[in-house]
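232 is the number that the UniProt record's numbering gives to position 232 of the sequence shown; each next residue is one higher, with no gaps. Yeah, the Cβ is synthetic: ideal placement off N, Cα and C, and Gly gets one too. Written below as structure tokens is the structure these notes are about.
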Amino acid sequence: MATLRSSALRILRTAAAAAAPTRSTTQFLTRLAGAAKTRTKTTSTMAADAIKPWPTKMVESHGDYREEEWLEELDHTTNTTYQNQSTLPKLPVPSIEDTLKRFLPTALPLAESKDEEEALKHAVARFPAQAQKLQERLLEKASDPSNENSSWLQHWWNTMGYLQVRDSVVINVSYYFHFADDKTVNVNSNSNTTSTMQIRRGASILYAAGQYRNMVASGALPPETLGRKKTPLCMTAYKYMFHACRIPHLEQDSYRIYDPSVYKHAVVACKGRFYKIPLIDETTGNVLSVLTLESHLQNIMELAGGHETSGPGFGYLTGDNRDVWATARTALLEIPGMEEALEVLQSGCVMLNLDTVSEFDSGKSPVSRAQCGKQFLYGSGSASNRWFDKSVQLVVCPNGKAGLLGEHSMMDGMPVVGLANHIVNTSYQQAVEESEEATGALETYGGVSDIFRDIPLTSRVEEMIETSKGNFKVWTRDRHELDVQSFRGYGSDFMKKAGCSPDAYTQMAMQVATSRLFGKQAGTYEATQTRVFRHGRTETTRTVSPESSAFVKSLLEPSDGLTANDKVDLLRGACQAHSKYIGGAAKGLGVDRHFFGMSLLVEDGEAVPDLYSDPVFVRSKRWRVSTSNLTHPKLENWGYGEVVPDGVGLSYSVHKNHLVFGITALKERGEWPEKLSQYLEDALVEMQLLVEDAANDEGAMPKRSKL
């Protein structure tokens with residue numbers, strides 16, 4: 001049992017780390033785009049009492065969404081955000097037979113011999129009888145009255161997949177968004193210095209985040225829906241977007257969310273120091289004007305610049321092993337005044353990180369997508385200006401490049417896409433005009449304060465920080481590489497003309513590219529959200545299938561007997577199979593969560609089903625290729641880390657006329673990101689030529705794109 005449980009946890013960890021923004025991004029962004037076109041100034045103002053106080057100033061969650069479910073029922077003035085929660089269905093438990101039927105085709109292509117194929121089939125045949133008791137226990141758990149309005153999976157997933165994992169959250173859990181540039185930061189500026197650009201961009205981003213915070217906190221944010229039928233989605237995770245922070249403990253972390261009617265500040269990090277800044281007007285409930293926020297940020301830069309050295313380096317502690325950080329935090333709490341200071345930081349709406357040139361690898365502001373990706377994901381090896389436990393951090397570089405860093409434990413990426421969408425669609429110029437009309441002249445509400453000022457550190461804490469600093473640099477700068485492939489040959493328009501789903505077509509290109517990299521197909525994960533269910537998060541879409549295997553072989557093991565038409569037929573068949581699997585996974589009918597749930601219910605002394613130790617089964621659940629799709633016109637790129645040491649993280653965006661891939665891997669693997677970038681381009685070009693050759697034969701060739 002111990003071995004099975006350990007194996008299950010490793011599998012869950014890789015799956016959880018891979019779960020970022022998901023397949024329904026396109027439908028979600030279509031809704032957001034419509035909202036943006038009719039965007040009004042209602043987000044600039046709100047009733048002062050729209051956000052009702054909680055019975056307690058803080059709620060601490062231990063990975064169970066039911067612990068804070070009552071927050072959805074508060075008497076908001078315009079409570080629409082959670083209005084669909086009670087109508088959402090429960091996550092189903094598939095039948096064993098259906099799960100095995102879906103599983104076997106995804107695993108057989110990964111068998112490395114006929115003997116492995118036969119052994120897998122025999123293990124599958126024995127599984128129904130061997131796992132019957134486990135299935136009964138899982139059904140019993142799902143029907144337990146305590147899960148009446150919840151998911152049988154969510155507590156296991158949140159704790160074992162995230163809060164109990166002891167590795168650093170950096171790269172393993174966190175993900176980043178790279179925002180498009182804001183051209184208006186230099187409009188009507190008397191100074192085009194980098195500091196002016198950084199302050200203006202930071203102020204407008206903070207203003208937009210404050211607006212979105214008000215909508216979420218008041219319950220005024222419309223609930224998400226999916227597709228033409230507008231199927232409601234679970235909104236539980238939105239409670240973890242603002243005023244939220246992960247808290248380290250030995251063995252298992254917790255998450256704290258703070259009452260937005262009490263806490264109305266943000267936190268700004270600059271040169272390794274952390275400052276409290278007023279964000280919400282205490283009287284009106286409105287976000288402070290952009291000009292006021294600019295004034296505060298200018299003040300912070302002057303205060304931080306007055307120090308000869310950077311701050312104490314707390315950020316390095318937050319980026320270390322979770323037990324190491326928990327031990328260090330206990331030591332911090334022994335220092336007088338530290339507990340109150342930590343609460344100020346933890347309760348802030350969001351954290352704005354004003355990075356400085358000295359923190360970059362090159363000594364210059366990042367320019368390329370890859371440079372920005374490294375800066376946003378792991379500070380290019382510097383953590384002095386980060387607090388990796390904060391749910392949302394907004395990073396702004398001196399040249400105005402900006403992005404978001406998300407902590408993934410209790411909230412997947414899709415809800416954060418809504419926040420990012422609001423930020424990138426609120427330009428500096430627009431934010432200034434809106435906020436001036438809403439608030440009038442420059443306000444002087446409060447000021448900024450250095451959160452940890454006059455709190456001396458003990459020598460023990462200083463030693464801990466130095467140790468964590470060394471660990472962080474080794475884990476990030478020394479061991480990790482990140483590259484970005486921006487393919488300009490074609491995009492989703494061409495893929496649709498080829499008769500393929502753009503997402504599935506891109507997945508097949510990635511199968512070809514990664515098979516070239518590894519010399520064979522490997523277990524591939526695409527995150528698919530299951531938020532049509534209450535407290536649903538994600539399920540695995542398995543890209544490997546007999547159809548995808550046949551297509552990959554047609555390109556990598558060419559046969560004289562296959563024409564371009566034959567290969568395009570294989571491509572379309574692979575895309576159809578992939579789309580069908582996604583449809584089932586989104587309905588809670590994948591295989592990986594089901595296998596995981598049953599594995600946890602093996603009792604001491606019981607025999608473990610043979611399938612769990614089958615080498616092909618294990619190989620099929622080892623995600624050497626972790627993929628996720630997020631496409632937004634104003635996101636330059638996004639990404640996350642690989643989830644196994646000999647794997648790659650592969651985020652992607654499929655635009656009408658181009659594609660962008662974010663690629664991560666360990667440096668010790670030998671320039672994998674650079675190689676995979678080239679293989680992706682090769683695969684996409686090769687597939688384009690196939691489609692065009694086949695269309696020529698049919699007399700209807702799509703228009704060739706310029707490469």
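Query: Segment contact flag, the segment 501-513 with the segment 592-606, C-beta cutoff 8 Å, min 3 pairs; Result: no
Query: Length of the line joining the Cα atoms of Val512 and Ala683; Result: 6 Å
Query: Local Cβ density within 10 Å of Ala326, reported as buried at 16 or more and exposed below that; Result: buried
Query: N- and C-terminal bounds of the alpha helix (DSSP H) containing His122; Result: 114-130
Query: DSSP beta-bridge partners of His655; Result: Note: His655 sits in no beta bridge, so no partner.
Query: For Pro232, three-class secondary structure by DSSP; Result: strand
Query: Cβ pair count under 8 Å reaching 3, the segment 170-182 against the segment 250-261; Result: no
Query: Terminal residues of the beta strand (DSSP E) in which Lys276 lies; Result: 273-278
Query: Reference Leu153, options His658, Thr467, Phe533, closest by Cα; Result: Phe533
Query: Beta-carbon proximity of Thr528 to Thr541, cut-off 7 Å; Result: yes
Query: Proximity of Ile491 and His658 at Cβ, strictly below 7 Å; Result: Per the sequence shown, the amino acid found at residue 491 is Gly instead of Ile. Cβ distance < 7 Å, so Gly491 and His658 count as in contact.
Query: Sequence-distant residues of its chain with Cβ nearer than 6 Å to Trp54 (five each side left out); Result: Asp259
Query: Distance CB(Ser168)-CB(Gly319) smaller than 7 Å; Result: yes
Query: Beta-carbon gap between Val568 and Val691 smaller than 7 Å; Result: yes
Query: 3 or more residues per run - each beta strand (DSSP E) lying fully within the segment 590-660; Result: 625-629, 635-640, 648-654
Query: In chain order, each beta strand (DSSP E) run of at least 3 residues that lies wholly inside the segment 296-373; Result: 351-354
Query: At least three beta-carbon pairs within less than 8 Å, the segment 632-648 to the segment 662-678; Result: yes
Query: Segment limits, beta strand (DSSP E) that includes His483; Result: The question names His, but residue 483 in the sequence shown is Asp. Taken as a continuous stretch (DSSP letters only), the beta strand (DSSP E) holding Asp483 covers 480-487.
Query: Bounding residues of the beta strand (DSSP E) (the contiguous stretch that carries Phe551); Result: Where Phe551 is concerned, there is no enclosing beta strand (DSSP E), although the alpha helix (DSSP H) it sits in stretches over 546-556.
Query: Cα-Cα separation, Leu29 to Phe487; Result: Because Leu29 carries a pLDDT of 49, less than 50, the predicted location of this residue cannot be relied on, and the following value inherits that uncertainty. C-alpha separation (whole angstroms): 22 Å.
Query: Of the listed residues Lys264, Arg228, Ala550, nearest to Gly285 (C-alpha basis); Result: Lys264
Query: Trp70 versus Tyr82: straight-line alpha-carbon distance, rounded; Result: 11 Å
Query: Per-residue DSSP class, three states only, for Val165; Result: coil
Query: Three-state secondary structure (DSSP) of Glu58; Result: Per the sequence shown, the amino acid found at residue 58 is Met instead of Glu. Correct three-state label for Met58: strand.
Query: Residue interval of the beta strand (DSSP E) (run including Thr538); Result: 538-542
Query: Length of the line joining the Cα atoms of Ala574 and Ser554; Result: 12 Å
Query: Bridge-paired residues (DSSP) for Gln529; Result: Thr538
Query: Burial state of Gln132 (16 or more Cβ within 10 Å); Result: exposed
Query: Collapsed DSSP secondary structure at Arg256 in the structure displayed; Result: strand
Query: Spatial distance of Asp697 from Val685 (CA atoms); Result: 19 Å
Query: Local conformation of Gly285 per DSSP, three classes; Result: coil
Query: Whether Ile199 touches Leu297 by CB criterion (7 Å); Result: yes
Query: Ala607, buried or exposed, once every other Cβ within 10 Å from all chains shown has been counted against 16; Result: exposed
Query: Where the beta strand (DSSP E) through Val396 begins and ends; Result: 392-396
Query: Cβ-Cβ distance between Gly523 and Arg593 below 7 Å; Result: no
Query: Identified DSSP bridge partners for Cys245; Result: Arg256, Lys390
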